[in-house]
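Trainee:
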Amino acid sequence: MPACSKRRAFLFRVILFTLIGLFSLSGAIAQASDPEPNCAIQEGACTLSAGNRTVTLNILPKPVRAMQELTFRVEVSGEAPSSPPIIDLDMPDMEMGPNQVRLQQVNATVFEGTGVIVRCPSGKRLWSATVILSQTTKAKFLFRVRY
Amino acid sequence: MSAIESIYLVFLGTGFTVGFGHCIGMCGPIVLTLSLQLKHRPSFFPHLFYNLGRTATYALLGAAAGWMGSFTRLASGLGGLQKWIMAIAGLVIALLGLGMIGWLPVGRIFSDSPSLSGLLGSAIRRLQRSKSALFFLPVGMALGLIPCGPVYTALLAAARRGMEADSALRGAASGSAIMAAFGLGTIPALLILSRVTSAGWLKHRAWIYRLGGLAMLATGIYFMVKGIRY
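Residue numbers (the working numbering), protein chains in the order written: chain A, 183 to 329; chain B, 2 to 231.
1. Under 7 Å Cβ-Cβ, which residues of chain A neighbour B:Tyr231?
2. Write down the C-beta distance between B:Met217 and B:Leu97 rounded to the nearest angstrom, noting that I regard them as a contact closer than 8 Å.
3. Expressed to the nearest angstrom, what Euclidean distance is found between the alpha-carbon atoms of B:Leu194 and B:Asn52?
4. Counting pairs of beta carbons, one from the stretch 297-304 of chain A and one from the stretch 134-143 of chain B, are three or more of them closer than 8 Å?
5. Are the Cβ atoms of B:Ile25 and B:Leu212 separated by less than 9 Å?
6. Which chain A residues are close to B:Leu157, counting only those with a beta carbon under 9 Å from its beta carbon?
7. Against chain A, does B:Thr15 count as a neighbour if the rule is that its beta carbon must be under 9 Å from one of theirs?
8. Mapping the DSSP letters down to three states, classify A:Glu257 as helix, strand or coil.
9. Given that B:Pro151 touches chain A, what residues does it touch there, using C-beta distances under 8 Å?
10. If the cut is a Cβ gap below 7 Å, which residues of chain A does B:Ala76 touch?
11. For A:Ser304 versus B:Gly150, is the C-beta distance shorter than 9 Å?
12. Closer than 8 Å by beta-carbon distance: list the chain A residues that pair up with B:Pro148, in chain order.
13. For a contact meaning CB atoms closer than 7 Å, what does B:His48 contact in chain A?
14. With three or more beta-carbon pairs closer than 8 Å as the criterion, would you say the stretch 229-237 of chain A touches the stretch 272-282 of chain A?
15. Starting from the C-beta of A:Leu124, find all residues in its chain whose C-beta is less than 8 Å away, skip the five residues before and the five after it, and write them out in chain order.
16. Could you check what DSSP says for A:Met276 in three-state terms: helix, strand or coil?
17. Count the other CB atoms within 10 Å of the CB of B:Val197; is the residue buried (16 or more) or exposed (fewer)?
18. What do you get for B:Phe50, buried or exposed, if any count of 16 or more other CB atoms within 10 angstroms of its CB means buried?
19. Quick check on the burial criterion: 16 or more other C-beta atoms within 10 angstroms. Buried or exposed for B:Arg1?
20. On the three-state DSSP scale, how would you describe A:Val283?
21. Are the C-beta atoms of A:Arg326 and some chain B residue less than 9 Å apart?
22. Ignore the nearest five residues each way along the sequence and tell me which others in A:Gln287's own chain have a CB closer than 8 Å to its CB.
23. Show which residues of chain A have a CB atom less than 8 Å away from the CB atom of B:Val11.
24. With DSSP run on the structure shown, which of helix, strand or coil describes A:Val288?
25. Counting only beta-carbon separations shorter than 9 Å, does B:Thr73 have a partner in chain A?
26. Taking only beta-carbon atoms, is B:Ile110 less than 9 Å away from chain A?
27. Look at the Cβ atom of B:Gly228, then the Cβ atom of B:Met87, and state whether they are nearer than 9 Å.
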């Protein structure tokens, strides 16, 4: 093999291994660049404040897994919302399409509904559930799901 | 406009926006593979048929979700198949990449006398030699089964529509229409990408061609790993 071809073959191997390395690292880099969760949903319910209210979100059954039917339970303390809240499910920095959970009123402060968190083939597990009380009052829970 | 009609527009729009972000990332390597593989041929119709095939699969999945009225039942049935479709697509992309670089020990797939044997080799050769753009319709249909988050989200809406429908047939029709609207929405982004990757000057530069082969090889490995782990 001429020296020039050998050099080219070597260069291509270097590029190849670099690409494979980058792909292998991409998952870890993607996970590392994710924002930190503000809710340990696998452990239990989470509470955040939204305006002058506090919103508690729980998702059942545990562990919270993607691709299975889940019950979303929201408790609102303070002023009662004028209509049942809606939960908007999404991934940070990843367009997943509109996925909303419509809640039904269980009692004056508790609302429930069912929904599914879909699985992202990229391997990312960080999801957000934004509880929308009104156009301006929202609570955004960030948590990790299991696959 | 009724709520039923507006949901189709919502998913047409969702497909359009998802197409320019998510789909270019996920299906981009496949579009690149098709473009490089169509080195000496016009590529618009093959790409169009690939995308129509993908959309047809989405519509069929939407019909099934709408008929069942359950996303989780459909997803649990599909999971195993999707895993292998992704892994096999990765294997084919990696082999095509190896062929383009010239590292495949059994000979270059893209040469005039490919020497790959077996079913896979035969399929690759048919893909390469097929004169009809229609050949890319079943390719798109098969690759439409690759797991994808936004597709799942659209299927959720199709299943919900099926739950609310007064008959399984209406549910299937409505679910199918939602998924068809979503699939059609994703086409412009991938067709634009195919125009870029099919540019003649790009494909006929040997080093770009080889670099494309390397990218395909890495992507193929990525698809295989993700498919096996899925």
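Ideal Cβ positions, reconstructed from N, Cα and C, are used throughout, including at glycine.
Mentor: Taking the definition as stated:
1. Under the 7 Å cutoff, chain A gives Pro303.
2. So it is a contact: roughly 6 Å between Cβ atoms.
3. Here the alpha carbon of B:Leu194 sits roughly 12 Å from the alpha carbon of B:Asn52.
4. No, the stretch 297-304 of chain A does not touch the stretch 134-143 of chain B.
5. Between B:Ile25 and B:Leu212, the CB-CB gap reaches or exceeds 9 Å.
6. The contacting residues are Gly279, Asn281, Gly297, Val298, Val300.
7. So, interface residue.
8. Strand at A:Glu257.
9. Going along chain A in sequence order, the residues near B:Pro151 (Cβ under 8 Å) are Glu277, Met278, Gly279.
10. Neighbours of B:Ala76 on chain A, chain order: Met249.
11. Remark: C-beta atoms of A:Ser304 and B:Gly150 approach each other more closely than 9 Å.
12. For B:Pro148, the neighbours in chain A by C-beta distance under 8 Å run, in chain order, Arg301, Pro303.
13. The contacting residues do not exist; B:His48 stays about 22 Å from chain A at best.
14. The answer is no - the stretch 272-282 of chain A does not touch the stretch 229-237 of chain A, with fewer than three Cβ pairs under 8 Å.
15. In this structure chain A extends from 183 to 329, so residue 124 of chain A is not present and cannot be described.
16. Three-state DSSP puts A:Met276 in a strand.
17. Exposed: under 16 other Cβ atoms inside 10 Å.
18. Result: buried.
19. A query on residue 1 of chain B cannot be resolved here, the shown segment of chain B reaching from 2 to 231 and no further.
20. Strand, per DSSP.
21. Cβ-Cβ to chain B under 9 Å: no for A:Arg326.
22. Only Pro266, Phe293 meet the Cβ criterion.
23. Residues of chain A passing the Cβ test: Pro280.
24. DSSP, read as helix, strand or coil, puts A:Val288 in coil.
25. With a threshold of 9 Å between beta carbons, B:Thr73 makes contact with chain A.
26. Note that B:Ile110 scores a pLDDT of 45, beneath 50, so its modelled location is shaky; the value from the coordinates is reported in the next line. B:Ile110 does not count as touching chain A.
27. Between B:Gly228 and B:Met87, the gap from beta carbon to beta carbon is short of 9 Å.
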